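In my numbering, the protein residues as written are 1191 to 1377. We put the beta carbon where it would ideally sit given N, CA and C, even for glycine. Predicted model, so just to flag it, every value in this text is computed and none were measured. As structure tokens, the structure follows; a few thoughts come after it.
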Amino acid sequence: MWRDVNPLDLGAAWVPFIRVLRALDLAGPEEMVLTLWVVDVDGEWFDIKEGKTEAAARRVPIHADLQAIVKRRIEGKAKTDWLFHELRAKRDAGDTFGKRFKRFREAVGVDDRRAGMRRSLVNFHSARRRFTTKARHAGHPKEAIAEIVGHKPDKSDVTFSVYAKGASEGQLKACVGDVKLPAASCM
């Protein structure tokens, strides 16, 4: 379906694609959003049960700007359905979407190549970088940001890696909530 759509035509067929990009920009972790099941949506939270590392299992607040989209995407679906069912048949949804994102950004002329760099800096991880940077610029502690994006605490920081229990729900919600989309990106 996606290959048959002109990337310059942001019509109805691209709405799920744009919504995934929006979700990535406000939630950070790429693969996490793409492979969530309806059962993984717990009110205002994504309940991520597994991932590439032990730290990948976590609860991530759903950004206020995404809550209506998530609600619409779970309506009428079984708990065992994917939130983004359009990618269900794909062997590796993250890889598939990453390749589609690359084709899309190339078609619309979005690129950032630097001398000595093999790839463009605009890629599937751009949303993670943007989220992390915006959360940091909003003054949130690196421990809360790392917890949201599924990174382990810094082992060299004994105070937070050994003794602290992690960010509170309020801190996590504030961190996610303080990351805003550029006005032109809002749908």
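Flag this pair as yes or no: are the beta carbons of Met-1312 and Leu-1273 separated by less than 8 Å? Looking at the sequence shown, residue 1312 is not Met but Val. The answer is no: Cβ separation not under 8 Å.
On the three-state DSSP scale, how would you describe Phe-1236? strand
What's the gap between the Cα of Ala-1254 and the Cα of Leu-1224? 19 Å
Helix, strand or coil for Arg-1300? Go by DSSP, reduced to three states. The question names Arg, yet the displayed sequence has Val at residue 1300. Of the three classes helix, strand and coil, the one that applies to Val-1300 here is coil, per DSSP.
Going by the CB atoms, is the gap between Leu-1362 and Ala-1325 shorter than 8 Å? no
Taking contact to mean at least 3 C-beta pairs separated by less than 8 Å, is the segment 1337-1344 in contact with the segment 1243-1254? yes
Helix, strand or coil: how does DSSP classify Ala-1231 here? Here the sequence assigns Val to residue 1231, which means Ala is not the residue at that position. It is a strand residue.
Give the range of the alpha helix (DSSP H) segment to which Arg-1326 is assigned. 1316-1327
Proximity of Lys-1261 and Val-1229 at Cβ, strictly below 8 Å: no
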